[in-house]
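Chains as they are written, first to last, in the working numbering: chain F, 6 to 98; chain X, 11 to 413; chain G, 5 to 194.
First the structure, in the form of structure tokens, and then the observations on it.
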Amino acid sequence: MAGKEKGWKEIPIGGLIDRGGTAREYKTGSWRTFKPVVDKTKCINCLQCWIYCPDSSVIVKDGKMAEFDYDYCKGCGICASICPVKCIKMEKE
Amino acid sequence: MKVQEKEKMAKKNLTALTGDQAITEAMRQIEPDVVAAYPITPQTEIVMGFSQLVADGKVKTEMIPVESEHSAMSACVGSSASGARTMTATSANGLALMWEVVYIAASLRLPIVMPVVNRALSGPINIHCDHSDTMGARDSGWIQVYSENGQEAYENAIVAVRIAEHKNIMLPVMVCQDGFITSHAVEGIDLFPDDKVKQFIGEYKREHSLLDVENPVTYGPLDLQDFYFEHKRQQVEAMGNALNTIPEILDEFNKTFGRSHDLVEGYRLDDAETAIVVLSSTAGTTRVVVDELRKEGMKVGLLKPRFFRPFPKERIMKSLSNLKAVAILDRSESFSTLGGPLFNEIKSALYESDRRPLAVNYVFGLGGRDIFPADIKKVYKELEEIKKTRKIRSLISYLGVRE
Amino acid sequence: MKDILEIRWHGRGGQGAKTAAQFLAEAALDMGKSIQAFPEYGPERAGAPVRAYTRISDGRIDTHSGVTNPDGVVVIDHTLLEAVDVTEGLGDDGFLIVNTSESVDFIRRKTNYKKGKIAVCDATKISLETLGISMPNTPMLGALLRVRPIVPREVLENEVRKKFLKKIGEEKTEANIKAIKRAFEETQLG
């Protein structure tokens with residue numbers, strides 16, 4: 006696993022991550038096998054999906070469920086499972 | 011230390027202190043931002059004394075009285091990562107209990123300074139001196155400096171701050187001294203003026219503070235197959251840097267305080283044919299024996315490694331290169347059946363040397379068993395035999411054990 | 005021969021053998037000497053036999069092993085004569101000082117210490133009369149200085165003042181100093 010990453014002379018010492026927000030650089034969307042798709046006609050904007058999403062991949066605009074952020078959504082399906090009106094379906098990529 | 015210097019010292023204004031109290035004085039002068047510690051014999055006097063200084067308002071240090079050594083080192087890790095100059099102190103089972111976090115402190119490159127009063131690890135339970143505690147931690151990534159007496163412990167603690175915090179090093183340091191033998195013996199200690207110590211150690215400014223909310227950083231993230239190896243390689247590099255940088259720091263210390271400290275300290279080695287290598291207080295007793303045997307015409311010498319981590323290989327090889335036979339004395343056992351740790355590292359260093367003496371090992375003083383000048387003389391006499399016969403009869407011997 | 009003076013103190017846990025060893029060392033330090041003072045720690049409890057040591061030298065003291073051949077021995081509690089060999093390692097040119105109401109001859113017979121110097125001092129009695137409690141370690145320092153003027157008595161007394169004044173007040177401190185003086189005067193040599 007030597008890989009193409011930086012060598013020991015080029016990285017901060019002690020495993021330090023020397024700035025915040027680095028998780029943004031790692032797009033986990035490619036992990037997905039199933040993706041969530043919302044049926045807006047049934048959605049009641051309760052935002053349970055937004056609360057439960059472990060990857061902050063539910064985008065809310067003006068207090069309403071707007072869309073999924075597929076750059077980071079891993080397709081775990083928690084949103085579909087928690088949705089009280091069953092308006093989120095998991096579809097094969 | 012040279013003979014003249016030591017004699018000069020005796021005339022100075024000295025303070026009668028135990029080795030533990032000498033460390034407490036060093037800590038008072040260093041005045042760390044944070045001390046998190048748990049008392050354990052024979053280190054207790056350090057924590058007790060320093061807590062008193064905090065209670066009396068003599069230092070502005072934040073004292074964290076934790077519930078265990080594991081917590082002590084954990085608090086030190088958090089504190090040091092936040093950019094606070096941090097110290098703790100421990101002994102034996104206390105060091106064993108903080109084990110997990112001892113490695114973390116070194117791996118996160120936190121310049122914590124920890125006086126360790128060497129004591130035998132249980133069991134059977136024992137409170138007296140041997141080096142099993144710190145020798146067990148020799149691969150933890152900490153720098154280790156061993157002190158002959160209270161004076162050296164005091165001075166090593168001060169210089170350790172500079173070593174730990176040096177940008178090329180950034181590693182924690184254990185400042186070791188012999189439990190009870192020096193920690194509880196009162197000797198005349200030459201204390202430096204407070205302001206001179208403060209000036210020497212300077213301010214500690216950490217480049218990346220855990221508490222800097224403007225510039226958030228992460229300490230201790232998961233570090234798997236992709237980066238862990240690189241971080242370990244960095245630690246090795248830092249130890250290597252320490253070998254080169256410590257002499258520079260000691261130089262500055264020596265100039266400031268009128269000393270002559272080095273990575274190793276040789277005594278009458280120039281024309282010696284045989285020598286003993288030993289750490290800490292036993293080096294003092296051995297020096298006295300060297301003088302006595304020299305009067306009898308025996309060409310004997312002594313090598314006292316002051317630093318064991320990093321291991322001063324070149325200096326040790328050079329110091330021993332003209333000898334015919336050398337005895338390495340270990341105050342701990344490694345149970346490898348190959349002798350003690352000091353012996354094994356020196357023997358391994360000598361393997362590369364074209365001119366190497368015959369080397370034997372003596373394990374001594376376990377659990378505080380006293381070692382007397384007569385025992386040390388016996389070692390020199392046996393070295394004399396090896397020198398003459400070029401034969402080693404016993405590679406590893408146990409000095410002072412009942413058969 | 006020896007350039008380091010070595011004294012061994014015998015007492016029982018709580019009688020102040022360690023403190024006495026340290027007082028003597030610190031007084032010598034005040035005189036510009038090199039010093040060491042250390043107790044022999046075992047699993048001691050109050051009342052158990054304990055040893056403490058003082059080393060004093062004009063030169064450096066590098067030795068860090070226990071004292072095997074003391075120049076002198078001070079026994080703070082005479083009941084120890086029954087329990088431990090107080091003359092162990094003590095040479096013919098040494099001295100033995102015992103806190104006892106018995107005579108020098110009695111101690112010589114009792115310890116079988118034939119050739120060396122013996123001194124006796126009833127430090128317990130002196131302590132009771134001056135301090136009102138049995139704390140024989142400080143008077144035994146007076147007895148020691150009578151046998152061997154290691155430091156001037158005033159230096160030792162100053163050391164006692166320095167240590168005691170804050171802790172126990174002037175009256176008790178001066179009582180300790182009086183005890184040292186009486187012990188110095190009342191010690192019988194043989």
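From the three backbone atoms N, C-alpha and C, an ideal C-beta is built for every residue, glycine too.
When the five nearest sequence neighbours on each side are left out, the beta carbons in the same chain lying within less than 6 Å of the beta carbon of G294 of chain X are those of E158, in order along the chain. Residues I338, D340, N371 of the same chain have their beta carbon placed closer than 6 Å to that of F353 of chain X, with the five preceding and five following residues left out of the count.
With a beta-carbon spacing of about 7 Å, F210 of chain X and I168 of chain X fall inside the 8 Å limit used to define contacts. Fully enclosed beta strand (DSSP E) runs of no fewer than 3 residues occupy 39-43, 63-66 of the segment 8-69 of chain F, in order along the chain. Within the same chain, Cβ atoms closer than 8 Å to the Cβ of S132 of chain X are found at A102, N103, the five residues on either side in sequence being excluded.
When DSSP states are grouped into helix, strand and coil, N103 of chain G belongs to the strand group. Annotated as proximal: V54 of chain G and G17 of chain G, with beta-carbon spacing under 7 Å. In the DSSP secondary-structure assignment, Y372 of chain X is bridged to X:L339, X:S407. Separation of S117 of chain X and Y45 of chain G (C-alpha to C-alpha, rounded to the nearest whole angstrom) is 37 Å. Contact between the segment 215-234 of chain X and the segment 182-197 of chain X is absent: fewer than 3 CB-CB pairs across the two stretches fall below 8 Å.
Below the 7 Å Cβ cutoff, chain X contributes no neighbours of L52 of chain F, its closest Cβ being approximately 27 Å away. Residue burial annotation: R119 of chain X is buried, with at least 16 other C-beta atoms found within 10 angstroms of its C-beta. Restricting attention to alpha helix (DSSP H) runs no shorter than 4 residues, the segment 130-181 of chain G encloses them at 141-151, ordered along the chain.
Listed along the chain, the chain X residues whose CB falls inside 7 Å of the CB of A29 of chain G are A26, V196. In chain order, I64 place their CB closer than 6 Å to the CB of E72 of chain F, counting only its own chain and leaving out the 5 sequence neighbours on each side. Within the segment 272-296 of chain X, S290, S291, T292, A293, G294, T295, T296 place their CB atoms closer than 9 Å to a CB of chain G, listed in sequence order. The beta carbon of S107 of chain G is closer than 7 Å to those of V124 in its chain, skipping five residues each way along the sequence. In this structure Q154 of chain X is buried. Its beta-carbon is surrounded by 16 or more other beta-carbon atoms within 10 angstroms.
Residue range 383-399 is occupied by the alpha helix (DSSP H) that includes T399 of chain X, with no beta strand (DSSP E) assigned at that position. For the segment 36-70 of chain F, the set of residues with a beta-carbon nearer than 8 Å to any beta-carbon of chain X is empty. One finds G19, G20 in chain F with Cβ atoms closer than 8 Å to the Cβ of S117 of chain X, taken in chain order. Taking 7 Å as the cut-off, the beta carbon of M83 of chain X is found closer than this to the beta carbon of M108 of chain X. Just measuring C-alpha positions, the residue of X:L279, X:S342, X:G375 sitting nearest N332 of chain X is X:L279. Taking K114 of chain G as reference, the option from G:K129, G:A127, G:G95, G:V88 with the minimal CA-CA separation is G:V88.
Taking 7 Å as the Cβ-Cβ cut-off, the segment 168-187 of chain X approaches chain F at M180, given in chain order. Excluding the 5 residues flanking it on each side, I386 of chain X has same chain C-beta neighbours closer than 6 Å at T296, V299, in chain order. Exposed is the label assigned to E98 of chain F, since fewer than 16 other Cβ atoms lie within 10 Å of its Cβ. Interface annotation, E30 of chain F: not in contact with chain X, CB-CB separation never under 7 Å. With fewer than 16 other Cβ atoms from the protein chains shown falling within 10 Å of its own Cβ, D281 of chain X counts as exposed. Here the C-alpha atom of D62 of chain G lies approximately 5 Å from the C-alpha atom of K37 of chain G. Between D126 of chain G and S105 of chain G a beta carbon distance of about 5 Å is seen, short of the 8 Å cut, so the two are scored as contacting. Around the beta-carbon of F345 of chain X, fewer than 16 other beta-carbon atoms lie within 10 Å, marking it exposed. For L33 of chain G, the closest C-alpha among the options G:R112, G:W13, G:R64, G:K171 is that of G:R64. For L27 of chain X, no alpha helix (DSSP H) segment is defined; the enclosing uninterrupted segment is the beta strand (DSSP E) at 25-27.
DSSP places R95 of chain X outside both helix and strand once states are collapsed to three, so it counts as coil.
From the listed residues G:N180, G:V159, G:P156, G:G95, the smallest Cα separation to G136 of chain G is found for G:N180.
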